[in-house]
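Following my numbering, the numbering of the sequence shown begins with -1 at its first residue and continues without gaps. Note that beta-carbon positions come from the ideal geometry of N, C-alpha and C, so glycine has one too. Values in this document were obtained by computation on a predicted structure and should not be read as measured data.
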Amino acid sequence: MLNKLKPSVRSYIHDDNIYKRYLRPEEASKILGLDESRIIQFASAAGAIYQLPRILLIRHQRLEDYMKHLYKVHGTNKLVHKKYVRIGEGSIIYSIGHHRFIEMARAAGAVYKINEGTGGTVLINLELFDDYMEQFREKAVPMKNPLWKESES
-1 MLNKLKPSVR SYIHDDNIYK RYLRPEEASK ILGLDESRII QFASAAGAIY
49 QLPRILLIRH QRLEDYMKHL YKVHGTNKLV HKKYVRIGEG SIIYSIGHHR
99 FIEMARAAGA VYKINEGTGG TVLINLELFD DYMEQFREKA VPMKNPLWKE
149 SES
């Protein structure tokens, strides 16, 4: 079977499968399922608001990073910030395998065992784990040909 490609890249673009870097508050409220005033509050707390003349934009990635530990409580409109997660949840949040995640959590000192003798629960403190993860951050590499030059003052 032969598939004929469409002549323009634009013909493949649909609103539902594009990851936009900047969103308007209306778009963000549709994506996250919250009202615009709450979105603006979260975005300002995250430092993700960019005010242009007559346009308010929200940096999508920065807002998601701020809200990554917030969970909606079923049956209500409340958002809860989780401080502790189980191994499975944490490995999904950080996109790391279960074994690697538990190794790193132990190295970070973020593991809490509850009812250890009876096959209890293992919880991971996300704040301690985030601090530990920062040591793996790579330093920025300067560009050979910068896009702009800093003005000399």
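Those residues which DSSP pairs with Tyr20 across a bridge: Indexing the sequence shown from 1 puts residue 20 at position 22. DSSP, once it has assigned bridges, lists Arg57 as partnering Tyr20.
Whose C-beta lies closer than 6 Å to the C-beta of Leu21 among residues of the same chain, with five residues either side of it excluded? Reading the sequence shown from its first residue, position 23 is the one you call residue 21. These residues qualify, in order along the chain: Ile56, His58.
Are Ile122 and Tyr110 close, meaning C-beta to C-beta below 9 Å? Position 124 of the sequence shown, counted from the start, is the residue given in the question as residue 122. Position 112 of the sequence shown, counted from the start, is the residue given in the question as residue 110. Result yes, Cβ atoms of Ile122 and Tyr110 sit closer than 9 Å.
Alpha-carbon to alpha-carbon, Gly107 and Gln133: As a working mapping, residue 133 is identified with position 135 in the sequence shown. As a working mapping, residue 107 is identified with position 109 in the sequence shown. Near 14 Å, if we compare the C-alpha coordinates of Gly107 and Gln133.
Quick test of your reading: Ala26 and Ile37, contact by CB under 8 Å. State the CB separation rounded to the nearest angstrom. Counted from its first residue, the sequence shown places residue 26 at position 28. Counted from its first residue, the sequence shown places residue 37 at position 39. About 5 Å; that satisfies the 8 Å criterion.
Apply the 10 Å Cβ neighbour rule to Val50 and answer buried if 16 or more other Cβ atoms are within range, or exposed otherwise. Here residue 50 refers to the residue found at position 52 when the sequence shown is read from its first residue. First, the residue type needs correcting, since residue 50 is Leu and not Val in the sequence shown. Exposed, because fewer than 16 other Cβ atoms sit within 10 Å of the Cβ of Leu50.
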